[in-house]
Amino acid sequence: IFMDVILDCYFDDVFCQLERNYFMARYKRRQLVDYLNTVIKGYVRGEGCAEATAVACAVMAAIRYHDNSKTSNGEVCLMGKFHNILYIATKLCYDWKLKDNTIVAHLLNDIYHCEHTFERLFVGAILGTRVTNLVSGWKSDFENPEENLSAIEYFLNHATEAKLEYENNGRKTRFIDISMESYTRTQPLRIAAQFGKADVLLLLLRYGASIMFDYETGELPVERPLIQFCRVHVSNSPLNQIEGPFSCLKMLIRAVPTMATLPSDSFDGEVRVCIGRDTCGLSTLYVHPKLLQEGMIPPSRSGLIPPELKHLSRCAIRNVLGKNWQLPLGIRSLHIPTSLQDYLDLLED
């Protein structure tokens with residue numbers, strides 16, 4: 001269509017003259033997003049076409065430019081502006097809430113095949129823009145924590161619908177579990193738990209992020225919040241005042257069947273001990289008894305008494321739904337009361 005011609009001309013005649021690192025600066029990426037938004041709105045008004053059609057044209061033009069430049073270089077991405085154009089496309093997809101799953105999946109595939117990570121989509125919600133700028137020189141394209149979180153959910157929905165999996169460290173790994181290369185090659189869920197980002201953690205858990213033992217890091221996601229609690233056991237303040245780690249711990253124990261914890265009166269906050277795994281794939285951890293005394297870890301989740309049948313049923317049902325790419329949206333199709341749907345969706349305990 002006519003809009004394709006306009007955008008192809010822009011990329012051929014204007015974009016090609018920009019410096020290679022032009023789009024490393026976030027404000028420059030935003031300038032192009034604003035320009036493309038203007039083109040989309042103008043085309044919709046002038047031609048009377050649907051917004052979704054115009055947005056799809058703009059996104060595909062960016063993908064096409066990236067793919068053509070990669071093909072001309074022997075299937076090796078030139079990176080710089082040639083690759084960063086994909087992040088302008090991600091912002092367009094999110095801003096207009098593009099529903100075309102084929103296009104969004106194509107975009108995510110292109111990002112992974114060049115970077116082998118999706119960290120730029122996740123870090124803004126987990127760490128904010130200041131830390132990420134220092135670590136990787138990249139600022140999130142999304143405006144604030146709320147928009148960053150909403151953007152993650154948008155792309156998780158599309159990745160789940162498309163059933164996106166990638167070869168990562170020799171095994172098939174889902175979009176949600178792809179490690180963040182600049183952040184110790186750790187999964188987003190573990191980074192969120194480490195930094196006490198309960199809202200991000202809950203979102204990732206709801207969409208079925210892996211909570212199993214990680215052989216590369218040698219730990220479970222639940223360990224980070226537990227370690228932070230144990231290191232302040234000498235404090236006179238209640239442990240639940242540490243809001244971030246406490247909230248994360250509450251979220252995590254909703255998603256695991258149980259933990260095998262051994263209270264220790266002589267716990268050294270600087271020493272972390274993992275002494276094996278049980279049949280659920282969970283490490284045995286030493287924790288300070290104050291965690292159990294103050295109810296930070298409920299007895300039924302600590303391994304001291306059996307977990308509730310209701311909780312075990314939740315874990316089993318979520319496991320089946322997750323294997324079938326039905327988390328969390330498939331929960332709402334179950335013919336059960338809303339209160340039970342919320343329980344399955346980890347929104348209640």
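Just so we're aligned: the sequence shown equals residues 1 to 349 in UniProt numbering. Note that beta-carbon positions come from the ideal geometry of N, C-alpha and C, so glycine has one too. Fair warning: this is a prediction, and the values are worked out from it, not measured in the lab.
Closer than 7 Å by C-beta to residue 170: which residues in its own chain qualify, once you throw out the five before and the five after it? Chain order, please.
Cβ neighbours of residue 170 beyond the five flanking positions: none.
If you reduce the DSSP assignment to three classes, tell me which class residue 14 lands in.
Coil at residue 14, not helix or strand.
On the DSSP bridge list, what partners appear for residue 166?
The partner list for residue 166 (beta bridge, DSSP) reads 173.
Who are residue 180's beta bridge partners in DSSP?
Paired residue(s): 186.
Can you round the beta-carbon distance between residue 204 and residue 149 to whole angstroms, since I take them to be within the 8 Å contact cut?
Not a contact, Cβ separation roughly 10 Å.
What is the DSSP secondary structure of residue 222, counted as helix, strand or coil?
Note: residue 222 maps to coil in three-state DSSP.
Within 10 Å of its beta-carbon, does residue 311 have 16 or more other beta-carbons around it, so buried, or fewer, so exposed?
It counts as buried.
Which residue from 100, 55, 113 puts its Cα closest to that of residue 88?
Ranking the options by Cα distance to residue 88, first place goes to 55.
Counting Cβ pairs, one atom from each stretch, are 3 or more of them under 8 Å apart for the segment 161-169 and the segment 99-116?
At 8 Å Cβ cutoff, the stretches touch.
Between the Cα of residue 197 and the Cα atoms of 92, 123, 302, which residue gives the shortest distance?
When each option's Cα is compared against that of residue 197, the closest is 123.
Using a Cβ-Cβ cut-off of 6 Å (strictly less than) and excluding sequence neighbours within five positions of residue 215, which residues of its own chain qualify?
Here residue 215 scores only 48 on pLDDT, less than 50, and its place in the model is too uncertain to base an answer on.
According to the Cβ coordinates, are residue 92 and residue 36 closer than 8 Å?
Contact: yes.
Whose C-alpha, out of 339, 118, 137, 223, is nearest the C-alpha of residue 178?
With distances taken between Cα atoms, residue 178 lies closest to 118.
So, at 6 Å on beta carbons, what are the nonlocal neighbours of residue 365 in its own chain, with the 5 sequence-adjacent residues on each side left out?
The structure shown does not extend to residue 365, since the chain is modelled only from 1 through 349, so no value can be given for it.
With distance defined between alpha-carbon atoms, name the residue in 4, 94, 146, 327 nearest to residue 60.
Comparing Cα positions, the closest option is 4.
Hey, how far is the Cα of residue 184 from the Cα of residue 47?
The straight-line gap from Cα to Cα measures roughly 49 Å.
May I have a chain-ordered list of the alpha helix (DSSP H) segments no shorter than 4 residues that lie completely inside the segment 53-114?
Taking only runs of at least 4 residues, the alpha helix (DSSP H) segments lying wholly in the segment 53-114 are 81-96.
Using 10 angstroms around the beta-carbon of residue 223, count the other beta-carbons present and answer buried if the total reaches 16, otherwise exposed.
Classification for residue 223: buried.
Tell me the rounded alpha-carbon separation between residue 319 and residue 335.
When rounded, the distance between both Cα atoms is 18 Å.
Provide the residue span of the alpha helix (DSSP H) that contains residue 212, from first to last.
Taken as a continuous stretch (DSSP letters only), residue 212 belongs to no alpha helix (DSSP H), as it is neither H nor E.
DSSP three-state label for residue 311, please.
Note: residue 311 maps to helix in three-state DSSP.
Do you know offhand how far residue 23's Cα is from residue 15's?
Straight-line Cα distance between these residues: approximately 11 Å.
Take residue 12 as the anchor and find which of 143, 40, 26, 64 has the nearest alpha-carbon.
Checking every option, the nearest Cα to that of residue 12 belongs to 64.
Can you name, in chain order, every residue of its own chain whose Cβ lies under 7 Å from the Cβ of residue 332, other than the five neighbours on each side?
Correct list, in chain order: 341.
Write down the C-beta distance between residue 208 and residue 322 rounded to the nearest angstrom, noting that I regard them as a contact closer than 8 Å.
Contact flag correct, Cβ pair sits at about 4 Å.
Provide the residue span of the alpha helix (DSSP H) that contains residue 41, from first to last.
Per DSSP, residue 41 belongs to the alpha helix (DSSP H) from 26-47.
How big is the Cα-Cα spacing for residue 272 and residue 221?
Residue placement at residue 272 is flagged as unreliable, the pLDDT there being 39, under the threshold of 50; the coordinate-derived value follows with that caveat. The straight-line gap from Cα to Cα measures roughly 14 Å.
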